[in-house]
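Read the structure below first, then the notes.
Numbering (the numbering used here), first residue to last: 463 to 711.
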């Protein structure tokens, strides 16, 4: 999730900066290509001459974030929002770091700041849902997921995260029919997500439709062979159907 949620935004920004500063654009190109060391060298060089450029500071934070170095990422994002408290991308990125660190109260505060600056930020609502879900506050989590869904339903037809996140939560709450509908919508919006197919299959197994779940599970495995959950669930369903040899494989 760390990579998927960040790269969708980076690709758009990089495409828009072709006529901008060459060094900063080069750093973004390295980041999109996952050449993190080169990206860091380029952005540090740019910041040497432009230490208060919030876009460059955010890019530096993005590099560290994708390297899994949340401490330096946090410091870069903090520097950006101290320079410009209305820099909504920096506020959002800082919230994501806090979420990754399981600092859910701090993350909630950040995402609320994002909404104060950008009331229609569907990503902030989705992330608030995640935070409250991890705090075991199901009611607020559901409300924030639904608000995100409301914002993207017509206007952002490819955004699948709140559908999948709410489906996952509802499976845990044993609301399998609603979870199935949400996961199916997520898969339609993003047919390249193995997680979406897995969630559909998981809901189907709880709805006593194991045979139908097999197709979704196999597709999830095709999309991401390294994703263990669908393999485990597929083995369980095959064993129930007596296909012991295939289940063992």
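Cβ atoms here follow ideal geometry from the backbone N, Cα and C, with glycine treated the same way.
Using a Cβ distance threshold of 8 Å, residue 667 and residue 635 do not count as a contacting pair. Here the segment 586 to 605 lies against the segment 560 to 573, with 3 or more beta-carbon pairs under 8 Å apart. Closest in alpha carbon position to residue 536, among 558, 549, 598, is 558.
Exclusion of the five residues before and after residue 674 leaves 666 as the residues of its chain whose Cβ lies within less than 6 Å of its Cβ. At the C-beta level, residue 631 and residue 603 come within 8 Å of one another. Apart from the 5 residues on each side of it in sequence, residue 542 sits with its Cβ closer than 6 Å to the Cβ of 516, 519, 520, 549, 552 in its chain, given in chain order. For secondary structure counted as the alpha helix (DSSP H) over 4 or more consecutive residues, the segment 519 to 602 holds these complete runs in sequence order: 532 to 545, 550 to 562, 566 to 579, 584 to 596. For residue 610, the CB contacts under 6 Å within the same chain, skipping 5 residues up- and downstream, are 584, 587, 588, 624 in chain order. With 16 or more other CB atoms across the displayed protein chains lying within 10 angstroms of its CB, residue 663 is buried. Cα atoms of residue 651 and residue 511: separation of roughly 42 Å, rounded to the nearest angstrom. Straight across, the Cα-Cα distance linking residue 626 with residue 697 is about 23 Å. Comparing C-alpha distances from residue 638 to each of 661, 619, 657 shows the shortest one belongs to 661.
Comparing alpha carbon positions, the residue from 656, 669, 554 closest to residue 578 is 554. In this chain, the alpha helix (DSSP H) harbouring residue 510 covers 498 to 511. For a cut-off of 8 Å, the C-beta gap from residue 562 to residue 532 is around 6 Å, short enough to register as a contact. The C-alpha of residue 494 lies about 15 Å from the C-alpha of residue 484. Assigned with DSSP and collapsed to three states, residue 610 falls in helix. Residue 527 and residue 560 have their C-alpha atoms roughly 11 Å apart.
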